[in-house]
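This report concerns only the one structure given below.
Protein chains: 2
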Amino acid sequence: MANETNITNDIDAVPSLAQSKRQIDRYELDIDAQAVLVASRLMAAGAKLGHASEIHFSRFGLSTGRYRLLADLEDHEGEVLPSQLAEHLGVTRATVTGLIDTLERDGLVFRRSSSVDGRQKAVILTEQGARKLRDMAHEHFARLEAMVGLLSIEERSVFLDLLGRVTKGISALTDEPAGSKGHISNE
Amino acid sequence: MANETNITNDIDAVPSLAQSKRQIDRYELDIDAQAVLVASRLMAAGAKLGHASEIHFSRFGLSTGRYRLLADLEDHEGEVLPSQLAEHLGVTRATVTGLIDTLERDGLVFRRSSSVDGRQKAVILTEQGARKLRDMAHEHFARLEAMVGLLSIEERSVFLDLLGRVTKGISALTDEPAGSKGHISNE
DNA sequence: AATAAATAGTTAGGCTCCATACTAATTATA
DNA sequence: TATAATTAGTATGGAGCCTAACTATTTATT
């Protein structure tokens, strides 16, 4: 083990409040350091979770995207159009094509041309694909539950509410060049 | 605009509570559907934020990783070793090498061999790199602040606390084949 | 001193996802 | 009907990050 890098740092280490403060003070900005900290921490958490998720699903020979596609199929009687999958998963159709390619190669889904619309190709969950979901269900959901195990039921509700609002705010990063002040244009 | 895909779905649409419930009920698992929902929503939020972040930084000719590297340099007198950068940013040394390559090509940083240790190559922030940070500071931090603008000061504190605990729980996804319960082994 | 082990940084190749541009099929318009 | 515009799915090339393996240098061991 000569080649080991400790990536999984403690959350406290990632972006500290002191660091956020220094950045803001340096330019004498009228910005709430805690707001910046929340944004930074969420980014760090998102990256960490994304990575952990890939490790988790790779145990079952899947990736995050491929699992989500299978789960969406299962939730829709095992048959969905690629464009619908793209919408459900929140990814592009091009990405869906790639996911299906791999899943089809592994025998978990297959494509079937539509008889009503020659452009469409329905994606079908195979028996093997359904079995894969069945086999991994227990461990998968147990791990998800354990992930939020440090939160009480009430705290989970609060977290869900706050996360939802922050998620709405993400558009502040991508909106057009921002008028002037950081005032939110919700009423 | 014949080729437009609406990726930025509303958060409510991504994984619904009903969908989580159906998944759990299908296999009659003893799992809290809300816990699964929290985990799923956080994953979705993380992915969305990561994407938005890249769009945000691309306005300044940077990526998320390259910005974070520059900011870390600025926070350490403009000179840090690559291995330290990797640790601060929570990425591998290989990734840092790639980030530096691009930043050096753009004239925002440069490498300088160490005199005390021939293996080390310090990364130095150039004047141009410092100017880049200065020029983007106002808009960057204003957008970050706006992102959490839907939360009150108190709510931000709560969110930070809850997010921190969930982040700790992420290891539940990557830990060894799960002993039994999701008890965390911190003291 | 000579050899082995560890460390710093890099390279090579992989994965996930995206934006863009393309082909084939359908629908609207004239 | 003939043409144009739209739609479904796909190919291509890129960005970001990873793991694993490699080179050069330093430190530890003998």
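Chains G and A are the protein sequences, given in the same order. The first sequence runs 415 to 601 under the numbering used here. The second sequence runs 415 to 601 under the numbering used here. Just so it is clear, CB atoms sit at the ideal spot from N, CA and C, and this is done for glycine as well.
Query: Would you mind working out which of A:A432, A:S454 and A:S430 sits nearest G:F555, comparing C-alpha positions?; Result: A:S454
Query: Mapping DSSP to helix, strand and coil, what is G:R525?; Result: strand
Query: Residues bridged to A:L539 by DSSP?; Result: A:V523
Query: Can you find at least 3 beta carbon pairs, one from the region 547-566 of chain A and one from the region 461-471 of chain G, that sit closer than 8 Å?; Result: no
Query: Looking at the structure shown, is A:E590 part of a helix, part of a strand, or coil, going by DSSP?; Result: coil
Query: Is there contact here, the region 546-561 of chain G with the region 581-590 of chain A, by at least three beta-carbon pairs under 8 Å?; Result: yes
Query: Would you say A:G596 faces chain G, with C-beta separation under 9 Å as the test?; Result: Residue placement at A:G596 cannot be trusted, given a pLDDT of 39 that sits under 50; the coordinates are not used to answer.
Query: Any beta-carbon of chain G closer than 9 Å to the one on A:K546?; Result: no
Query: Is A:A536 closer than 9 Å to A:V494 when the C-beta atoms are compared?; Result: yes
Query: May I have the straight-line CA-CA distance separating A:F474 from G:E541, to the nearest angstrom?; Result: 49 Å
Query: Which same chain residues end up closer than 7 Å to G:V562 when comparing Cβ atoms and leaving out the 5 residues on each side of it in sequence?; Result: R570
Query: Apart from the five residues just before and just after A:F524, which ones in its own chain have a Cβ nearer than 7 Å to its Cβ?; Result: E518, I538 and T540
Query: Can you list the residues of chain G that A:Q437 reaches, using a CB-CB cut of under 8 Å?; Result: A485, E488, D489, A551 and F555
Query: Can at least three beta-carbon pairs, one atom from the region 443-457 of chain A and one from the region 484-501 of chain G, be found at a separation below 8 Å?; Result: no
Query: Can you name the residues of chain A whose CB is closer than 8 Å to the CB of G:I620?; Result: Past the boundaries of the shown model lies residue 620 of chain G; chain G is included only from 415 to 601, so the question cannot be answered.
Query: Reducing DSSP to helix, strand and coil, say where G:V562 ends up.; Result: coil
Query: Of all the options G:Q433, G:V530 and G:I514, which has the alpha carbon lying nearest to the alpha carbon of G:V450?; Result: G:Q433
Query: Assuming G:L513 contacts G:K546 under a Cβ cut-off of 8 Å, what Cβ separation, rounded to an integer in Å, is found between them?; Result: That pair is no contact at about 14 Å.
Query: Please confirm whether A:L499 has its beta-carbon closer than 9 Å to some beta-carbon of chain G.; Result: no
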